[in-house]
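Engineer: Residue numbers (numbering that gives the first Met the number 0), protein chains in the order written: chain A, 0 to 183; chain B, 0 to 183.
Note that beta-carbon positions come from the ideal geometry of N, C-alpha and C, so glycine has one too.
Please see the structure below; I have some questions.
Protein chains: 2
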Amino acid sequence: MPRPAILDRETVLGTALALADADGLDALTMRAIAQRLGVTPMALYRHVGDKQALLDGIVEHLLMEIPLPDPALPWTERLRAMTAAVRASARRHPAVFPLLLQRPAVTAGARRVRDAVYAALRDAGLPEPEIARTERMLASFVFGVAASESGGRFSVDTTVIDSDLEWFGDLLTTALSRHARDGA
Amino acid sequence: MPRPAILDRETVLGTALALADADGLDALTMRAIAQRLGVTPMALYRHVGDKQALLDGIVEHLLMEIPLPDPALPWTERLRAMTAAVRASARRHPAVFPLLLQRPAVTAGARRVRDAVYAALRDAGLPEPEIARTERMLASFVFGVAASESGGRFSVDTTVIDSDLEWFGDLLTTALSRHARDGA
DNA sequence: ACCTGAACACCGTTCAAGT
DNA sequence: ACCTGAACACCGTTCAAGT
């Protein structure tokens, strides 16, 4: 008779993410996660594979958590909202966020965010062949800002980055609008 | 009588960076570095502090290695050259590059690169109060692209990123030029 | 001053065993 | 099916000792 399971994948990933948020990536050990769950380290392996797979799972968890904007909003507002959401996520999970840049963006979580950007860029009037490359550049920019901010690379306050983005975001959306108009 | 030193800080950092380049961050252990140098692990501690300080040293080493463009070139060419240089550095040191975003940009190596960008932006005609924030945004963008590329986040060939940047770089420098003209 | 050797408190992961 | 316990091959770092 199978005994009742006391663990599942989501519980392990959630606990692991919370641990990384609180104590950093170095403290994120299989043993520490197991201890938090009142279980033996080896009990985790059935549910998350190995440590590498656990980290992949946490990154995906983080991506899935990012809220997407109301599709009824203007495209500029949607990009602005997503930028804010990514920054918030990076600040909430500073240890895990950098891993996002080190994994192929081919998962459901990555597609989910990318498709929302695609939709915004289509509504901006960008020609179809330029949608994908514009998304690559914008995502790199936003992830770069978010990783720098949460990683402590900037030596300025968050509110300064707020106003940096207000200014530079306008400059970017204006340039993209103009490009869509001239090049369409 | 002090015995002749067989180790120095630069040798240790160089060996460590080469090891990380070849085998990744997980393989970058004090013991493995020591073995490469034919020495006991504890011999490293005198020269590089502890492991955290070693990583800081490697990041600084990487920054110092980035070639700066000829100041006589037009500002657009200088930004283009620095972008290419940062990408090349990221591809050469894919394991270490991400650490760049996780350390305060207050070292000599960080200042060195930043000042070159400042100079380019001044020559672009940007008003002084906007120099620093523009550098923050451009550096975040370039580091984001370089980290994504070397980290494997993109699922496209390097040449595609080349052409992405050719296009998006023009869009950016055009927007900055226009802003400098209108806002000066 | 510079390096070694032994030791301590950790890691991730295997394997066989229990229920 | 799910978890445990013991074991293996590693870590970073301390401390005292050698030259």
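1) Is the stretch 20–38 of chain A touching the stretch 85–97 of chain A, taking contact as three or more C-beta pairs under 8 Å?
2) DSSP state of Ser147 of chain B, grouped into three classes?
3) I'd like to know if Val116 of chain A contacts chain B, where contact means its C-beta is closer than 7 Å to some C-beta of that chain.
4) Roughly how far, in whole angstroms, is the beta-carbon of Val144 of chain A from the beta-carbon of Arg86 of chain A, given that I think they are within contact range, below 8 Å?
5) Taking the straight line between their C-alpha atoms, what separation do you get for Gly168 of chain B and Leu53 of chain A?
6) What's the gap between the Cα of Asp181 of chain A and the Cα of Pro126 of chain B?
7) Please confirm whether Gln34 of chain B has its beta-carbon closer than 7 Å to some beta-carbon of chain A.
8) Does the count of Cβ pairs from the stretch 108–125 of chain A and the stretch 159–167 of chain A closer than 8 Å reach three?
9) So which residues of chain A does Ala42 of chain B contact, with C-beta pairs closer than 9 Å?
10) Using a Cβ-Cβ cut-off of less than 7 Å, list which residues of the stretch 93–118 of chain B approach chain A; keep chain order.
11) Looking at the structure shown, is Asp181 of chain A part of a helix, part of a strand, or coil, going by DSSP?
12) Could you round the C-beta distance between Ser185 of chain B and Ser147 of chain A to whole angstroms and report it? I think they count as a contact, below 8 Å.
13) Extract the residue ranges of the alpha helix (DSSP H) inside the stretch 3–55 of chain B, only unbroken runs of 4 or more that lie entirely within it.
14) According to the neighbour-count rule (16 or more other Cβ atoms, all chains shown, within 10 Å of its Cβ), is Ile5 of chain B buried or exposed?
15) Have a look at Val11 of chain B and Arg35 of chain B and give me their C-alpha separation to the nearest angstrom.
16) Strictly below 7 Å CB to CB, what residues from chain B border Val150 of chain A?
17) Considering Cα atoms alone, identify which of B:Ser154, B:Pro70, B:Arg90 is closest to Arg121 of chain B.
18) What residues in its chain sit with their C-beta under 8 Å from that of Gly13 of chain A, if we drop five residues either side in the sequence?
Structural biologist: Checking against the coordinates, here is how it stands:
1) yes
2) One-based indexing of the second sequence puts residue 147 of chain B at position 148. Three-state DSSP puts Ser147 of chain B in a helix.
3) Within the first sequence, numbered from 1, the residue matching residue 116 of chain A stands at position 117. Judged by the 7 Å Cβ criterion, Val116 of chain A is not in contact with chain B.
4) For the purposes of this step, residue 144 of chain A is identified with residue 145 of the first sequence, where counting begins at 1. For the purposes of this step, residue 86 of chain A is identified with residue 87 of the first sequence, where counting begins at 1. So it is a contact: roughly 7 Å between Cβ atoms.
5) Locating residue 168 of chain B in the second sequence gives position 169, where the first residue counts as 1. Locating residue 53 of chain A in the first sequence gives position 54, where the first residue counts as 1. So the two alpha carbons sit approximately 37 Å from each other.
6) For the purposes of this step, residue 181 of chain A is taken as residue 182 along the first sequence, with counting starting at 1. For the purposes of this step, residue 126 of chain B is taken as residue 127 along the second sequence, with counting starting at 1. The straight-line gap from Cα to Cα measures roughly 28 Å.
7) Residue numbering aside, residue 34 of chain B sits at position 35 when the second sequence is read from its first letter. Judged by the 7 Å Cβ criterion, Gln34 of chain B is not in contact with chain A.
8) no
9) The residue labelled residue 42 of chain B in the question sits at position 43 within the second sequence. Those within 9 Å of Ala42 of chain B in chain A number zero; the least Cβ separation is about 24 Å.
10) Pro97, Leu100, Gln101, Arg102, Pro103, Ala104, Val105
11) For the purposes of this step, residue 181 of chain A is identified with residue 182 of the first sequence, where counting begins at 1. In the structure shown, Asp181 of chain A sits in a helix (DSSP, three-state: H, G or I).
12) What is shown of chain B runs 0 to 183, which leaves residue 185 of chain B out entirely.
13) 8–22, 29–36, 41–47
14) Here residue 5 of chain B refers to the residue found at position 6 when the second sequence is read from its first residue. Flag for Ile5 of chain B reads exposed.
15) Looking up residue 11 of chain B in the second sequence gives position 12. Looking up residue 35 of chain B in the second sequence gives position 36. Cα-Cα distance, rounded: 10 Å.
16) Stepping through the first sequence from its first residue, residue 150 of chain A is reached at position 151. This sequence places Gly at residue 150 of chain A; Val is not what is there. Within chain B, the residues near Gly150 of chain A are Leu100, Gln101.
17) Along the second sequence, read from residue 1 onward, the residue named residue 121 of chain B stands at position 122. For Arg121 of chain B, the nearest C-alpha among the options comes from B:Pro70.
18) Counting from one through the first sequence, the residue named residue 13 of chain A turns up at place 14. So the qualifying residues of the chain are His60.
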